[in-house]
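Taking it in order: structure first as structure tokens, then the write-up.
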Amino acid sequence: MNYPNPLRFNPAYSVVKQYFVHMDDSVPQKIVVHKDSQRGVHFRRAGPRQRVYFAPEEVHACIVTCGGLCPGLNTVIREIVHSLNHMYGATKVLGIDGGYRGFIAKNTVPLTAKGVDHIHKRGGTILGTSRGGHDTMKIVDSIQECGINQVYIIGGDGTQKGAAVIYEEIRKRGLKVVVAGIPKTIDNDIPVIDRSFGFDSAVEEAQRAINAAHVEAESAENGIGVVKLMGRYSGFIAMYATLASRDVDCCLIPESPFYLEGEGGLFEYINKRLKQNGHMVIVIAEGAGQELLVEKNEQDASGNKLLQDVGLWITQKIKKLFIRIIANKRLTQCSADPTYMIRAIPSNAADNVYCTLLAQSAVHGAMAGYTGFTSGLVNGRQTYIPFN
10 MNYPNPLRFN
20 PAYSVVKQYF
30 VHMDDSVPQK
40 IVVHKDSQRG
50 VHFRRAGPRQ
60 RVYFAPEEVH
70 ACIVTCGGLC
80 PGLNTVIREI
90 VHSLNHMYGA
100 TKVLGIDGGY
110 RGFIAKNTVP
120 LTAKGVDHIH
130 KRGGTILGTS
140 RGGHDTMKIV
150 DSIQECGINQ
160 VYIIGGDGTQ
170 KGAAVIYEEI
180 RKRGLKVVVA
190 GIPKTIDNDI
200 PVIDRSFGFD
210 SAVEEAQRAI
220 NAAHVEAESA
230 ENGIGVVKLM
240 GRYSGFIAMY
250 ATLASRDVDC
260 CLIPESPFYL
270 EGEGGLFEYI
280 NKRLKQNGHM
290 VIVIAEGAGQ
300 ELLVEKNEQD
310 ASGNKLLQDV
320 GLWITQKIKK
330 LFIRIIANKR
340 LTQCSADPTY
350 MIRAIPSNAA
360 DNVYCTLLAQ
370 SAVHGAMAGY
380 TGFTSGLVNG
390 RQTYIPFN
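Residue numbering for the sequence shown follows the working numbering, beginning at 10 and increasing consecutively.
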């Protein structure tokens, strides 16, 4: 099927008619290349097309959120519903309650533009979320039984891998169903895209914990503030919050291994900094220094290795250092772990705008008939990135 884009007849979006995206427009993954290098990878440019694959009355969409919480989830949900409704006149939208498990249990809730109008002001996700619970056959069976033809999946790398498998099964069955992903990771560790939504909000909130730790440390004799932030495999939140705060003396991240004792070790730096300044603040990402702890092979529901509490560990190590080496000095420690505070906040202004663009891009792509993609910002341009 092929229909004129409803935006052409909507006076509220009259300016869009001048800027329909050509189907051959693309965005390069790398903008800085050597003159003799090959062309490289390009992604389709996101945006409204002149013609669409679905008529508005045909659309029966669903939205699901999976994995951990992140600022901006409700904004993405809201903007998908509003884009389908106000831009394309598509009003049949279901929310899948409880992540991938909700497909199997058929936990659905109708989503209307009026019903989601103010949810962007709240943290978390109105649809609920869960880890694991992915059964491809049962999920696709549920999609088929419910007559859904647009599936919007919001989640991290594990969720998007699951979305890719769902897309492949739908393709094998020959169903007229598009699968669109919106990448979510508060850690900002998806390498292809410029940044992930919720990251700016997380950095902003993390500074509150750093500021509190700095006030406590500065007010005490030999005060040491330790702040543990999110970052399983990457230290973007820890590093950006450190750079923004300017009150941090040491930032420990997974990408940069460290050791405790000996020349150039953490203990040597702590001793030196306390002599110079009388206090210090340490920020540590949750995945930093895990190789120094006793290894455990436990996993969470998503299959991720359960990390040990590196914040508690390093606090105890510093205390033992003072008892053993600097016994004649008083030590005052304060520790902060704002992980759940950061995850649960509403998104800030910058993330709200970014979530809006990601959601609208996903809807434009799905309405145009693209499938098996995730929407993402590449070199400052909204793009469609294939799952595979």
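Cβ coordinates follow ideal geometry from the N, Cα and C atoms, glycine included.
Note that this is a predicted model, so its numbers are computed, not measured.
Please report the straight-line C-alpha distance between Met-239 and Phe-245, rounded to a whole angstrom. Our two residues, Met-239 and Phe-245, have alpha carbons roughly 9 angstroms apart in a direct line.
Hey, Leu-269 and Leu-275: beta-carbon distance below 9 angstroms or not? The answer is yes: Cβ separation under 9 angstroms.
Can you name, in chain order, every residue of its own chain whose Cβ lies under 6 angstroms from the Cβ of Asp-34, other than the five neighbours on each side? Correct list, in chain order: Arg-54.
Unbroken alpha helix (DSSP H) run spanning His-223, endpoints: DSSP places His-223 inside the alpha helix (DSSP H), whose first and last residues are 208–227.
Boundaries of the beta strand (DSSP E) in which Cys-260 is found, first to last residue: According to the DSSP assignment, Cys-260 belongs to the beta strand (DSSP E) that extends over 259–261.
What three-state label does DSSP hand Phe-276 in the structure shown? The answer is helix: DSSP assigns Phe-276 an H, G or I state.
Could you tell me the distance, in whole angstroms, from the CA atom of Pro-119 to the CA atom of Ile-157? Between the C-alpha atoms of Pro-119 and Ile-157 there is a straight-line separation of about 13 angstroms.
Apart from the five residues just before and just after Lys-181, which ones in its own chain have a Cβ nearer than 7 angstroms to its Cβ? None.
For Thr-194 and Ser-205, which I take to be in contact (beta-carbon distance under 8 angstroms), what is that distance rounded to the nearest angstrom? Contact flag correct, Cβ pair sits at about 5 angstroms.
Count the other CB atoms, across all protein chains shown, that sit within 10 Å of the CB of Asp-126; report buried if there are 16 or more and exposed otherwise. Asp-126 is exposed by the Cβ-count criterion.
Unbroken alpha helix (DSSP H) run spanning Ala-294, endpoints: Counting along the chain, no alpha helix (DSSP H) covers Ala-294; the unbroken beta strand (DSSP E) around it starts and ends at 288–294.
Secondary structure of Ile-202, DSSP reduced to three states: Three-state DSSP puts Ile-202 in coil, outside helix and strand.
From Ala-247 to His-223, what distance separates their C-alpha atoms? Rounded to the nearest angstrom, the two C-alpha atoms are 15 angstroms apart.
Would you mind stating whether Gln-169 and Gly-141 have Cβ atoms separated by less than 9 angstroms? For Gln-169 and Gly-141, no; Cβs fall outside 9 angstroms.
Which listed residue (Val-372, Pro-395 and Leu-340) has its alpha carbon closest to that of Thr-383: With distances taken between Cα atoms, Thr-383 lies closest to Pro-395.
Where the alpha helix (DSSP H) containing Phe-245 begins and where it ends: Element bounds for Phe-245: 245–254.
So for Ala-353, helix, strand or coil by DSSP? It is helical.
Within this structure, are the beta carbons of Ser-151 and Phe-112 separated by less than 9 angstroms? Yes. Within cutoff.
Would you tell me roughly how many angstroms separate the C-alpha atoms of Gly-374 and Glu-227, rounded to the nearest one? Looking at the two C-alpha atoms, the distance is approximately 52 angstroms.
Scan the stretch 32–103 and note each continuous beta strand (DSSP E) run of 3 residues or more that stays entirely inside, going in chain order. Listed in chain order, the beta strand (DSSP E) elements of length 3 or more contained wholly in the stretch 32–103 are 35–37, 51–54 and 70–74.
Residue from Tyr-12, Cys-75, Thr-84 and Ala-64 with nearest C-alpha to Asn-361: The candidate whose alpha carbon is nearest that of Asn-361 is Thr-84.
Own chain, CB closer than 8 angstroms to Gln-369, minus 5 neighbours either side, in chain order: Same-chain partners within the cutoff: Glu-88, Ser-92 and Met-96.
Is Pro-395 near the ligand SAH, going by C-beta to nearest heavy atom under 8 angstroms? Of ligands this structure carries none, so the ligand SAH is not represented either.
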